[in-house]
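Just so you know, we're using this note's numbering here: the sequence shown kicks off at 407 and counts up by one. Backbone N, C-alpha and C define an ideal beta-carbon position, used for all residues, glycine too. A quick note: this is a predicted structure, and the numbers were derived from the prediction, not measured. First up is the structure itself, then whatever we jot down about it.
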Amino acid sequence: MQIINTTSSYFSIAKLSEGVYAAIAKKGEGAMSNAGFIDLGDEVLIFDTFVTPKAARDLRKVTEDITQKKIKYVFNSHYHGDHTFGNQIFEDVTIISTSLTRDLHAEQNVIIDLNKEQVEMQLYLNQLEQRIMTESDPVLLESLDSQFKEMSKVHASLPELRIVLPSLTFNDKLVIHGTCRTIELYCYGGGHTPSDAFLYLPEEKIAFMGDLVLENLHPPIFNSQQFIDNLSKVDAIDIQTIIPGHGNIVTKDQIGVISQYLQHLNMRVASSLEKGESLEQLLSTNIPKEYANWTGVDGYKRNLTIVYNEHKEK
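This is the structure in structure tokens:
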């Protein structure tokens, strides 16, 4: 792996293989999630587009400067804004996602009333600021500070933000045959969201995983069992290097780390329910040592609550 020097304040670039680059977000600067770009031979594909148009604009410039080629495709791994709000910078490009991700992007991310959106986000920022002033836990303080900085950048970008939807969709698998390499796009279902897709390079054994795999961050959960099942299928693929949705580049072992975390949540909840404990009693327990340094605002308690509700609904 080679670090490529850029002037971007939003991300750093790591060259993983010839023509394969990861754009690793700098915390609190307005990129928020990881992205990447891949040289197909005659043209380029970009993986995810960050959370602000300014960060996406930098991504486009760096991609074109490094590859000296036309960007033909953008791939959205899932609908969350930190991976899709930069789409407008690639409006002239074919944007790809699953059919469900496109639907969710249209339903969940649309801004109907800009003024209302700005007011609500400012209230959220004020709440974060109040918590930062009183929080003593260093891990939670780091999470709150990072969230405040990122969302401040998003708040500032709202007047120029336009939601641009994918124009090409698939359901399970899409293969793009370039002149120098093949890219495989997969979706095994959901877990983090109702539809989580990823990009796999079979020759290089590299996977851009979106938020199915994270590094030292409590993953937001849509459905924990779907998440576990999804990761089990991903684990069967011959992968060596993973670009997670957030955090540093990792090995395939990180799939197991996230899966074990999800299983731990389910076991802890099941044990709590067997004892007849309330949700409040469950949430009062300590975070296990192996997850104590993971970031994410209230991530562990949030996920315990989600899994608790899943079990109660069975």
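Paired residues, beta bridge with residue i - DSSP
i: aspartate 445; result: Val450
i: lysine 476; result: Glu449
i: glutamine 494; result: Partner(s): none; glutamine 494 has no beta bridge.
i: isoleucine 582; result: Ile589
i: glutamine 408; result: Lys421
i: tyrosine 427; result: Lys421 and Phe443
Through-space distance from residue j to residue i, alpha-carbon basis
i: cysteine 586; j: isoleucine 444; result: 11 angstroms
i: aspartate 448; j: isoleucine 501; result: 17 angstroms
i: glutamate 541; j: glutamine 528; result: 20 angstroms
i: leucine 623; j: serine 573; result: 31 angstroms
i: aspartate 578; j: proline 608; result: 17 angstroms
i: threonine 575; j: glutamine 514; result: 18 angstroms
i: asparagine 493; j: asparagine 521; result: 22 angstroms
i: lysine 734; j: serine 505; result: The first residue shown for the chain is 407 and the last is 720, placing residue 734 beyond what the model contains.
i: leucine 510; j: asparagine 411; result: 36 angstroms
i: methionine 438; j: histidine 670; result: 27 angstroms
i: glutamate 610; j: serine 423; result: 7 angstroms
i: proline 650; j: asparagine 440; result: 7 angstroms
i: asparagine 532; j: glycine 425; result: 43 angstroms
i: valine 703; j: leucine 689; result: 15 angstroms
i: valine 656; j: methionine 615; result: 11 angstroms
i: leucine 580; j: threonine 691; result: 44 angstroms
i: proline 625; j: threonine 473; result: 33 angstroms
i: glutamate 590; j: histidine 484; result: 16 angstroms
i: valine 619; j: isoleucine 664; result: 7 angstroms
8 angstroms contact criterion, which residue i and residue j should meet: CB distance rounded
i: glutamate 523; j: phenylalanine 554; result: Actually they are not in contact, since the Cβ atoms of glutamate 523 and phenylalanine 554 sit about 17 angstroms apart, beyond 8 angstroms.
i: valine 450; j: lysine 478; result: 7 angstroms
i: isoleucine 661; j: valine 640; result: 6 angstroms
i: leucine 668; j: isoleucine 634; result: 5 angstroms
i: glycine 584; j: leucine 446; result: 3 angstroms
Counting only runs that start and end within the region 528-557, where is the alpha helix (DSSP H) found for 4 or more residues in a row?
none
Within the region 595-661, ranges of the beta strand (DSSP E) (whole runs, at least 3 residues):
Complete beta strand (DSSP E) runs here, min 3: 603-607, 612-616 and 647-650.
Could you say if the region 543-563 and the region 710-719 meet the contact criterion of at least three C-beta pairs nearer than 8 angstroms?
Contact between the region 543-563 and the region 710-719 is absent, because fewer than three Cβ pairs lie under 8 angstroms.
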